Amino acid sequence: MSDNIKPYLSDFQTLLQTIYTAWQTVDITHFEKQKRELDAHRPFPPLALKSLEGRLEVDEVHNSTAIEGNSLTLGETALVLQKGLTVSGKPLKDHLEIKGYDDGYRYIKSIYQSAHTLSEKIILEIHRLIFRHFENGLEKEYAEGIGRYRTMPVYISGSEFVPPNYIKIPELMNILIDFLNGIKNDCLRRAILAHFGLAHIHPFTDGNGRSARLLMNLLLLSEGYPIIIVKNDRRAKYINSLEALHQNPKDTAFFKLMTDFLQESFDLYKSLYS
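Each residue of the sequence shown is one higher than the last, beginning at 48 in the working numbering.
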């Protein structure tokens with residue numbers, strides 16, 4: 048590790064710790080209580096659970112891709128995922144994004160029970176799956192690679208935050224993964240911090256937001272929490288709160304917004320037993 052990189056790694060670790068410490072001032076006992084209540088009612092009726100999880104899958108795929116500009120509606124997303132249909136008048140790219148994000152979602156659903164310890168391999172696989180359908184001809188649109196770290200600078204439209212130099216990405220990712228794996232018995236803060244950390248490093252040329260949201264939900268699922276669906280109708284609030292956190296690591300608006308979305312998922316699960 049060269050001397051000119053070490054200070055940045057130290058700064059990033061301090062940033063993560065500052066954010067985590069600030070979030071510890073936010074009371075989450077209400078969510079922990081709901082999690083215990085949820086666990087007490089497991090197992091849920093299989094057919095009802097399958098129906099709910101199908102709804103959550105479509106909602107998550109639709110909202111997470113819509114945030115990035117995908118034009119398919121919620122109903123059209125359901126047709127693509129559940130019926131394999133092509134929506135007339137909508138771009139091929141939008142269909143492939145839907146299918147790719149769903150592949151990523153199904154991947155985290157398939158591994159969450161054994162994913163208590165985070166690894167670089169998992170993060171790269173999430174990104175690869177998001178863009179899997181762009182391979183074999185369309186991959187040239189993503190010349191920096193699918194499931195690989197970027198090798199060029201990137202900038203975020205509408206944001207004052209400039210992501211780190213690409214040379215620092217592998218070491219920054221190691222810092223992030225080690226920090227997250229060091230958090231014990233605090234799943235909610237850990238998962239939401241994973242989202243921020245990946246968005247901050249911005250390790251990929253494209254797909255950083257989608258990868259961050261899937262990573263957050265993987266960590267939630269691994270501890271028995273419902274997923275957080277970041278709703279497209281609150282896109283501006285989502286982006287602004289993330290921007291505020293980049294500027295002020297003691298800001299708690301992003302964390303509180305994520306827990307608002309979590310509450311909506313808890314409310315859906317309560318319909319299974321109340």
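Think of the CB as a built atom: it goes at the ideal place given N, C-alpha and C, for glycine as much as any other residue.
These figures come from a predicted structure and were not determined experimentally.
Buried versus exposed, by CB contacts within 10 Å (16 or more), residue i
i, result
"leucine 121", "exposed"
"threonine 61", "exposed"
"arginine 153", "exposed"
"proline 250", "buried"
"methionine 305", "buried"
"valine 108", "buried"
"tyrosine 148", "buried"
"aspartate 86", "exposed"
"phenylalanine 302", "buried"
"methionine 263", "buried"
"methionine 48", "Low local confidence applies: a pLDDT of 44 at methionine 48 is under 50, so the model's placement there is unreliable, and no value is given."
"glutamate 207", "exposed"
"leucine 94", "exposed"
"aspartate 58", "exposed"
"threonine 112", "buried"
"alanine 125", "buried"
"threonine 252", "buried"
"proline 210", "buried"
CB of residue i within 8 Å of CB of residue j, strictly
i, j, result
"histidine 163", "serine 269", "yes"
"histidine 293", "histidine 247", "yes"
"glycine 136", "leucine 176", "no"
"valine 134", "glutamate 123", "yes"
"isoleucine 155", "phenylalanine 178", "no"
"proline 90", "serine 118", "no"
"valine 127", "lysine 97", "no"
"isoleucine 224", "leucine 165", "yes"
"leucine 265", "phenylalanine 78", "no"
"leucine 245", "asparagine 255", "yes"
"tyrosine 285", "leucine 235", "no"
"isoleucine 275", "serine 318", "no"
"asparagine 287", "isoleucine 114", "no"
"alanine 69", "lysine 297", "yes"
"tyrosine 320", "histidine 142", "no"
Top-ranked residue by Cα proximity to residue i, from the options
i, options, result
"glutamate 167", "His180, Tyr196, Arg257 and His142", "Tyr196"
"asparagine 295", "Ile66, Gly192, Ser57 and Leu132", "Ile66"
"leucine 315", "Asp74, Trp70 and Lys82", "Lys82"
"isoleucine 239", "Pro54, Leu63, Gln129 and Asp58", "Leu63"
"leucine 289", "Ile203, Asp253 and Gln71", "Ile203"
"isoleucine 169", "Glu84, Asp74, Arg281 and Ala241", "Ala241"
8 Å contact criterion, which residue i and residue j should meet: CB distance rounded
i, j, result
"arginine 257", "valine 277", "Not really, about 10 Å apart at Cβ, beyond 8 Å."
"threonine 56", "glutamate 218", "The amino acid occupying residue 56 in the given sequence is leucine; threonine does not appear at that position. Yes, leucine 56 and glutamate 218 are in contact; Cβ-Cβ is about 6 Å, under 8 Å."
- Give, in chain order, every unbroken run of the alpha helix (DSSP H) that is at least 4 residues long and sits entirely within the stretch 279-306. For the stretch 279-306, the full-length alpha helix (DSSP H) segments reaching 4 residues or more read 282-294 along the chain.
Secondary structure, alpha helix (DSSP H): runs of 4+ residues fully inside the stretch 203-246:
If we require 4 residues or more, the alpha helix (DSSP H) runs fully inside the stretch 203-246 come out as 216-228.
query: At what residue ranges does the stretch 112-159 contain a whole run of the beta strand (DSSP E), taking only runs of 3 or more?
result: The stretch 112-159 contains no whole beta strand (DSSP E) run of 3 or more residues.
For a minimum of 4 consecutive residues, which ranges assigned as the alpha helix (DSSP H) are wholly contained in the stretch 249-284? Within the stretch 249-284, the complete alpha helix (DSSP H) runs of at least 4 residues fall at 255-269.
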